[in-house]
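Peer 1:
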Amino acid sequence: MPDNWKLLKVSSKMTFEELCRTAGLPYVHGCGFYELSGAEMVPDKKVLVASNEESGEVISGGEEVRRRLGLEGKIMLNPRMIASPWTLYVNSTSANRCLKPNTTVAI
582 MPDNWKLLKV
592 SSKMTFEELC
602 RTAGLPYVHG
612 CGFYELSGAE
622 MVPDKKVLVA
632 SNEESGEVIS
642 GGEEVRRRLG
652 LEGKIMLNPR
662 MIASPWTLYV
672 NSTSANRCLK
682 PNTTVAI
């Protein structure tokens with residue numbers, strides 16, 4: 582991840598706002614990206630970040646991430662659709678989004 586991003590482990594079910602508070606970080610609406618960990622519908626305008634766990638390359642922006650990972654339009658995504666070594670992060674605009682334990686978030 583770029584130097585100005587924090588990658589945080591989620592240890593228990595909590596919201597972005599709670600995670601930021603626990604980590605001593607300010608919560609700013611829309612600042613967080615959660616790791617795709619289950620099936621979900623991702624709108625075509627949703628901002629995405631993809632991280633290559635081997636090379637350290639990070640791609641941000643919905644269109645570029647979709648192009649590089651072969652994802653098109655509004656799509657039902659699940660983690661099995663994202664080829665290793667990539668990890669996909671989805672932007673959350675909700676302070677109350679429940680984060681799943683044993684995942685990571687980028688803030």
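Whatever position you read off the sequence shown (first residue = 1), add 581 for the numbering used here.
For glycine and all other residues, C-beta sits at the position ideal for the given N, C-alpha and C.
These figures come from a predicted structure and were not determined experimentally.
State the Cα-Cα distance for the pair residue 657 and residue 634, rounded to the nearest angstrom.
Peer 2: Distance between the alpha carbons of residue 657 and residue 634 is about 23 Å.
Peer 1: Could you check the C-alpha separation between residue 599 and residue 640 for me, to the nearest Å?
Peer 2: In a straight line, the C-alpha of residue 599 is about 27 Å away from that of residue 640.
Peer 1: Please state the DSSP three-state secondary structure of residue 634.
Peer 2: Correct three-state label for residue 634: coil.
Peer 1: On the DSSP letters alone, give me the boundaries of the alpha helix (DSSP H) that residue 684 sits inside.
Peer 2: Residue 684 -> not in any alpha helix (DSSP H); beta strand (DSSP E) instead, spanning 684 to 687.
Peer 1: Any chance the segment 664 to 675 sits against the segment 640 to 653, with 3 or more Cβ pairs inside 8 Å?
Peer 2: Counting Cβ pairs under 8 Å, three or more are found: they touch.
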